[in-house]
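So the sequence shown is numbered by the numbering used here: it starts at 196 and just counts up by one.
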Amino acid sequence: MTIHFFGALIQYPDINGEANDFKSFVEKAKSKEVQICAASDLMALALLTPPGEWGADCVVGNSQRFGVPLGYGGPHAAFFCCKEDYKRLIPGRIIGVSVDAEGNTALRMALQTREQHIKREKATSNICTAQALLAIMASMYAVYHGPDGIKAIATQIHENTATVAEELKKLGLKVTTNLFFDTIVVEADAAKIKKAAEAKEINFRYIDANHVGISLDQTAEEEDINDIISIFANKQTNEKRKTTNVISKSALSRKSPYLQHPTFNSYHSESEMMRYIKRLENKDLSLVHSMISLGSCTMKLNAASELLALTWPEFAHIHPFVPMEQAQGYQEIIETLNKDLSEITGFARMSMQPNSGAQGEYAGLMVIRAYHIAQGHTNRNVALIPSSAHGTNPASAAMAGMHIIIVKCDEKGNIDVADLKTKAEANKENLSCLMVTYPSTHGVYEEAIKDITQIIHDNGGLVYMDGANMNAQVGLTSPGNIGADVCHLNLHKTFAIPHGGGGPGMGPIGVVEKLVPFLPSHPVIKIGGDKSISAVSAAPYGSSLILLISYGYIKMLGVDGVAEATKTAILNANYIKEMLKDHYPTLYTNKNGRCAHEMILDCHTFKRDANVEVGDIAKRLMDYGFHAPTVSFPVHDTLMVEPTESESKAELDRFCDAMISIRHEIDEIADGKFDKADNVIKNAPHTIKSVVSTDWKRAYHREKAAFPLKWVKANKFWPSVARVDNAFGDRNLVCSCAPIEAYMEEEATV
Numbered sequence: 196m197t198i199h200f201f202g203a204l205i206q207y208p209d210i211n212g213e214a215n216d217f218k219s220f221v222e223k224a225k226s227k228e229v230q231i232c233a234a235s236d237l238m239a240l241a242l243l244t245p246p247g248e249w250g251a252d253c254v255v256g257n258s259q260r261f262g263v264p265l266g267y268g269g270p271h272a273a274f275f276c277c278k279e280d281y282k283r284l285i286p287g288r289i290i291g292v293s294v295d296a297e298g299n300t301a302l303r304m305a306l307q308t309r310e311q312h313i314k315r316e317k318a319t320s321n322i323c324t325a326q327a328l329l330a331i332m333a334s335m336y337a338v339y340h341g342p343d344g345i346k347a348i349a350t351q352i353h354e355n356t357a358t359v360a361e362e363l364k365k366l367g368l369k370v371t372t373n374l375f376f377d378t379i380v381v382e383a384d385a386a387k388i389k390k391a392a393e394a395k396e397i398n399f400r401y402i403d404a405n406h407v408g409i410s411l412d413q414t415a416e417e418e419d420i421n422d423i424i425s426i427f428a429n430k431q432t433n434e435k436r437k438t439t440n441v442i443s444k445s446a447l448s449r450k451s452p453y454l455q456h457p458t459f460n461s462y463h464s465e466s467e468m469m470r471y472i473k474r475l476e477n478k479d480l481s482l483v484h485s486m487i488s489l490g491s492c493t494m495k496l497n498a499a500s501e502l503l504a505l506t507w508p509e510f511a512h513i514h515p516f517v518p519m520e521q522a523q524g525y526q527e528i529i530e531t532l533n534k535d536l537s538e539i540t541g542f543a544r545m546s547m548q549p550n551s552g553a554q555g556e557y558a559g560l561m562v563i564r565a566y567h568i569a570q571g572h573t574n575r576n577v578a579l580i581p582s583s584a585h586g587t588n589p590a591s592a593a594m595a596g597m598h599i600i601i602v603k604c605d606e607k608g609n610i611d612v613a614d615l616k617t618k619a620e621a622n623k624e625n626l627s628c629l630m631v632t633y634p635s636t637h638g639v640y641e642e643a644i645k646d647i648t649q650i651i652h653d654n655g656g657l658v659y660m661d662g663a664n665m666n667a668q669v670g671l672t673s674p675g676n677i678g679a680d681v682c683h684l685n686l687h688k689t690f691a692i693p694h695g696g697g698g699p700g701m702g703p704i705g706v707v708e709k710l711v712p713f714l715p716s717h718p719v720i721k722i723g724g725d726k727s728i729s730a731v732s733a734a735p736y737g738s739s740l741i742l743l744i745s746y747g748y749i750k751m752l753g754v755d756g757v758a759e760a761t762k763t764a765i766l767n768a769n770y771i772k773e774m775l776k777d778h779y780p781t782l783y784t785n786k787n788g789r790c791a792h793e794m795i796l797d798c799h800t801f802k803r804d805a806n807v808e809v810g811d812i813a814k815r816l817m818d819y820g821f822h823a824p825t826v827s828f829p830v831h832d833t834l835m836v837e838p839t840e841s842e843s844k845a846e847l848d849r850f851c852d853a854m855i856s857i858r859h860e861i862d863e864i865a866d867g868k869f870d871k872a873d874n875v876i877k878n879a880p881h882t883i884k885s886v887v888s889t890d891w892k893r894a895y896h897r898e899k900a901a902f903p904l905k906w907v908k909a910n911k912f913w914p915s916v917a918r919v920d921n922a923f924g925d926r927n928l929v930c931s932c933a934p935i936e937a938y939m940e941e942e943a944t945v
């Protein structure tokens, strides 16, 4: 190793199943200050010595083995673990432990909660998509089985694989893998084996003409093992075989315990597991309780009819790399969805590969980069980004190796066209693209959008449109219509895939005809054009299983339905704007005084008049049974509200009543009726524990705290914790719930 190396990425076990002993390699690397990242398999680590014990600095991998269906590619939740030294550099989101106003333990997102909007081009959060829903599935798998159950499953997998290996050796075949968990490679005539295997509806991995890869999981039974052996023996065998264990006899056999937290050792009956999950569910304020008005997030209905197909084994239990002829149903759905989304966006072709909006941004920018390079314009690396852009835009541009120049916005929130023109012309020789959101992040349609895109094209650049606000476009206009060249779609927003607390999500990109040849390829399944950029996701079509939701959404609504949804979303937003106009001014509107599908409510005077910040309003809304709108984005001291088309007038009225009631509470503080530090808003949210306590010393009565409006009593959502100490949480990045005294002691030493 030389000074030119800063790190090493190693696979454990590797692609052929071999679990190598890397101890001496790691020691040598560390002596040269080379950091080690190990890609591993959670299930294998139940039996193998974990990488952290032999010196890895980071361990990454996939949690699909823990009960998540393959779904022709996904979705699967990844895991990323690191040494203490790197905890504040981790991309994505970290859940840490804090305390609330009542001294109770409280879990919260730490550090990166808003970092993409603060660090912008230095942000790390948008290199990934938080597959929270799938992470929950995998974690519940671990909770139910516990350490003993997981070890039993891993042992079964390994021993079945070892049995196959031993039987193949008895047939005189050479197994090239020595220390393995669930995968072996055997020397054999691949063409002959493939024909016999497919006759028994079994897929192997055909590495080359003379090597076949075999992987087993916990679903393999004795009949399957006999079938595998009979394929290689060229005759049917039906024997009971003695199991063997290779790992337990090796130097890499795991000795350390795992899953020791009480949660993984308490719920091993179906009834206990059901109650545990229900208790967790009861802590979540979701769409089953009330509307979620998060601006720029489009938290719309995820209909049961759209979700139903995800449970069908015909879709759920398909490997992403099966021969194409074995997945014709998926191919038909993906191609039909591609055509529908292309028509909706006005583009020539989509790539379904990106697994999130941020990944779609990156993929789209790399397509633009590849196009410029193909034209001989290797120098084009300048990205113009409006100051109102999503925080992911500059971060994605930085990841794509672009030089970022910010374009001003005018007092009405629109792109300053004169400033854009000046900067586009000044960078004419190096201009790569403009990243623009339409409607803008300020909640209005950029009325000069066609002039804006033309300016970029006139100066040799391309236009990347952020598709976060497609919910205000579908059926009325399109990215292609306004002159965009590339656009990503948040299928978990506009096209009804659930957010699931962060994921699964999908961010496919659409492109104009001249960019089609550059769409992402894949090393295993042939997709993309003849000038494709490399794969941006592990599977050729990203999270294929959840594409069924968007397919169903579009097919069931039809042409008229998707357009009606857009119109209703815009109508609902403007209804809320009008209902609240005397209480919360809207920061930006068009020349007719209208907003698009969302609006930004200006709250900056509340801090001056009553010491109330937008975060306080967000917490008080919990007492009314509502999730907060988006806080202080894209403008500080504001709330961005998006009702979506899914909400009825009755629900919109309840939300408006709650917001108006809170405004009255702010006025009471401003008028001196209540203290600026001790009032119903500053003490929100109010837990059931605080309300029933005999030690009630507030200046306002309990009913005002817990039941501020009459209808709240009929469907009260009780927050699990009171106001959380954010600063404490950022200092205590721990994920296990030790006694609260332990955190107090740690704080005392800071």
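No residue lacks a Cβ here, since even glycine has one placed at the ideal position from N, Cα and C. In this text the structure is predicted, and so the values were computed from the model without any measurement.
Does the Cβ of Leu328 have 16 or more other Cβ atoms within 10 Å, making it buried, or fewer, making it exposed? buried
Spatial neighbours of Ala663 within its chain, please: CB distance less than 7 Å, with the 5 preceding and 5 following residues excluded, ordered by chain position. Ser491, Gly552, His585, Thr632, Asn685 and Lys688
DSSP three-state assignment for Ile379, whether helix, strand or coil: strand
Please report the straight-line C-alpha distance between Leu204 and Phe274, rounded to a whole angstrom. 15 Å
Do the region 773–793 and the region 710–723 meet, that is, are 3 or more Cβ pairs less than 8 Å apart? no
Between which two residues does the alpha helix (DSSP H) carrying Leu284 extend? Note, Leu284: premise wrong, no alpha helix (DSSP H); not H, not E.
Nearest CA to the CA of Tyr770: which residue from Ile345, Asn910, Gly788 and His512? Gly788
For Pro867, tell me which candidate among Asn806, His831 and Leu834 has the shortest Cα-Cα distance. A small fix is needed here, since residue 867 is Gly in this sequence, not Pro. Ranking the options by Cα distance to Gly867, first place goes to Asn806.
Straight-line CA distance for Gln206 to Cys628? 37 Å
Among Arg400, Phe713 and Tyr783, which has the Cα closest to the Cα of Arg544? Phe713
Shortest alpha-carbon distance to Trp913 belongs to which of Asp605, Pro880 and Ala233? Pro880
Contacts around Asn915, its chain only, beta-carbon distance under 6 Å, and the 5 residues preceding and following it disregarded: In the sequence as presented, Asn is not what sits at residue 915; that position holds Ser. Hits under 6 Å: Lys478.
Residues near Ser885 by beta carbon distance below 7 Å, same chain, minus five either side: Glu297 and Ala917
For Thr632, three-class secondary structure by DSSP: strand
Could you name the residues of the same chain whose beta carbon sits closer than 7 Å to that of Glu840, not counting the 5 residues immediately before and after it, in chain order? Lys495, Ala760, Thr763, Ala764 and Asn767
Identify every residue that forms a DSSP beta bridge with Met794. Val836
Just mark Gln570 as buried or exposed, buried being the case when its beta carbon has 16 or more other beta carbons within 10 Å. exposed
Rounded to a whole number of angstroms, what is the C-alpha to C-alpha distance between Ser219 and Ser226? 11 Å
Straight-line CA distance for Lys905 to Ala499? 31 Å
Buried or exposed for Val359, going by 16 or more other Cβ atoms inside 10 Å? buried
Residue burial classification, His271 (beta-carbon count within 10 angstroms, cutoff 16): buried
For Ser546, the residue or residues it bridges with in DSSP: Ile704
Quick one: using the 10 Å Cβ neighbour count with 16 as the cut-off for buried, is Ala214 buried or exposed? buried
Quick one: what's Thr825 bridged to in DSSP? Met835
Under the three-state DSSP convention, the category Arg575 falls into: coil
So what does DSSP say about Glu396, is it helix, strand or coil? coil
I want to know whether the region 646–660 touches the region 605–622 - three or more CB-CB distances under 8 Å. yes
N- and C-terminal bounds of the beta strand (DSSP E) containing Thr300: Thr300 to Ala305
C-alpha distance - Lys951 paired with Phe923, whole-angstrom precision: In the structure as shown, the chain begins at 196 and stops at 945. Residue 951 is therefore absent and cannot be evaluated.
If you reduce the DSSP assignment to three classes, tell me which class Thr146 lands in. In the structure as shown, the chain begins at 196 and stops at 945. Residue 146 is therefore absent and cannot be evaluated.
Could you give the residue range of the beta strand (DSSP E) that holds Ile599? His598 to Val602
Do Gln413 and Ile348 have their CB atoms nearer than 7 Å? yes
Buried or exposed: Gln311, going by 16 or more other Cβ atoms within 10 Å of its Cβ? Its pLDDT being 44, under 50, Gln311 is placed unreliably in this model, and the value from its coordinates should be taken loosely. Buried, because 16 or more other Cβ atoms sit within 10 Å of the Cβ of Gln311.
Going by CA-CA distance only, name the one from Asn666, Gly697, Val731 and Val658 that's closest to Leu710. Val658
Once DSSP output is grouped into helix, strand and coil, what is the label at Gln311? Any reading at Gln311 needs caution, since the residue's pLDDT is 44, under 50, leaving its predicted position unreliable; the model's value is listed next. Gln311 falls in the helix class under three-state DSSP.
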